[in-house]
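In our numbering, the protein residues as written are 6 to 355. No residue lacks a Cβ here, since even glycine has one placed at the ideal position from N, Cα and C. The structure displayed is predicted, hence computed values, not measured ones. Below is one structure, written out as structure tokens, with a few remarks after it.
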Amino acid sequence: MTTAAAYSVSAPDGRFEKTTIERRELGPHDVLIDIKYAGICHSDIHIARNEWHGTRYPAVPGHEIAGIVAAVGSAVSKHKVGDRVGVGCMVDSCGECASCVAGEEQYCTGGNTMTYNSVVPESVQPGGHTLGGYSTRVVVTEHFVLSIPEGIGLDVAAPLLCAGITLFSPLRHWNAGPGKQVAIVGMGGLGHVGVKLAAAMGAEVTVLSQSLSKQEDGLRLGAHHYYATSDKQTFKDLRRRFDLILNTVSAPLPIDNYMRLLNLDGTLVILGLPDSPLTVQPFTVVGVRRSLAGSTIGSIAETQEMLNFCAEHGIGAEIEVISADRIDDAYARVLASDVRYRFVIDAATM
Ligand code: NAP
Ligand code: ZN
């Protein structure tokens, strides 16, 4: 076992506290990573506050990890000491089910192991559940460790490991590119990376935000149009405009209103995960052959492809680096939609 400094939370209304955790001994296929930066994803908040009703406490969130390889197991071939690496939402999967064999570990039917809050044997993680990236070190099996290309700073790369891949995967799956009208709903952590990626893929990009307060930023990041959803006229003006709408909003939305913005054969993809049902009128989908879909992160191969794409196109997240003792304040600002556009914890402050 090796120890690491970490920040953990022990109750839904608790505050983050500094603690020391243990990481497992290096197995032959394991990589020990010195964490440099960890992004704060809204999923961290959902879990820290038990909004999905399955949180295992004490919880150490964090699945946007960037760091440097400190040691490798005897059989590791993919990474070496000193490499710049990242870890996203998954740290293992069954490797045998149809999804894993097809290289889509995020849809593993055997049960994949998430970077934090997944049940694992005590030998893997003392305490019996995985602990994430709000920490100084982590041990991960090599397949789930990504290479961060030279040219992207580790700080701006960290959020790509979740926010980046969560947008990249559906943009690719639903063929965003030249001639396609793509809307991104919500200009937060996920949304702002989505704007950059969709624009780099060549799509015509529209941001649908609650207000116009971030319009200048949205256009600077590559959006071609920016509308306020608080203005009812937006929903009239944009009726049947889009081929693809990616909904990154963390709160429940009147989704039927957004579905009506899809053109024939258009798809609205749910990415945001409030714990509440959505209502869609049958007439809304039937009349224009629209689809309502969902998507979760992306595969390991696709995550590497995304990182390479970002390096090629000079894409990183827009970040505000914070010290670890400010996690609670950062959560409050994310909840108030006052994030520009991802908080990233500097692990050196732990
Ligand atoms: P975030 O930074 O808080 O961004 C969410 C954005 O949604 C906000 O910035 C805000 O944008 C908008 N919003 C918030 N409350 C709203 C409301 N009541 N009505 C309308 N719009 C609202 O969060 P994030 O980190 O991007 O994560 C977003 C969601 O995606 C979370 O639920 C998270 O759990 C989920 N997620 C899913 C996956 C996946 O694989 N599917 C991966 C990661 C995260 P504006 O100010 O522009 O309106
Ligand atoms: Zn996330």
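- Excluding its 5 nearest sequence neighbours in each direction, Y112 has C-beta neighbours in its own chain below 6 Å: S104, listed in chain order.
- Check the Cα spacing between P63 and each of I189, N122, R265, A203: the tightest is with N122.
- Boundaries of the alpha helix (DSSP H) around H178: 168-178.
- Along the length of the segment 62-99, whole beta strand (DSSP E) runs at least 3 residues long occupy 70-77, 89-92, 95-97, reported in chain order.
- Excluding residues up to 5 positions away in sequence, S255, A256, P257 lie with their Cβ nearer than 7 Å to the Cβ of P279 in the same chain.
- The DSSP-derived three-state label of A9 is strand.
- Short of 7 Å from the beta carbon of R61, and not among the five residues preceding or following it, lie these beta carbons of its own chain, in chain order: N122, H134.
- At least one heavy atom of the ligand ZN falls within 7 Å of the beta-carbon of H68.
- Spanning the alpha carbons of N117 and M95 requires a straight line of approximately 7 Å.
- Taking 8 Å as the cut-off, the Cβ atoms of G93 and E109 do not count as close.
- Judged by beta-carbon spacing, S214 lies beyond the 8 Å limit of G194, meaning their Cβ atoms are not closer than that value.
- Around the beta carbon of Q186, 16 or more other beta carbons lie within 10 angstroms, which makes this residue buried.
- Annotated three-state conformation of T308 is helix, per DSSP.
- In the structure shown, G223 adopts helical secondary structure according to DSSP, grouped into three states.
- Assigned with DSSP and collapsed to three states, T24 falls in strand.
- The beta carbon of E22 sits closer than 8 Å to the beta carbons of Y12, S13, V14, S15 from its chain, once the five residues preceding and following it are set aside; these are given in chain order.
- In this structure, the C-beta of G191 approaches the ligand NAP to less than 7 Å from one of its heavy atoms.
- In the DSSP assignment, I38 falls within the unbroken beta strand (DSSP E) covering 35-44.
- K41 sits buried, since 16 or more C-beta atoms from the chains shown fall within 10 Å of its C-beta.
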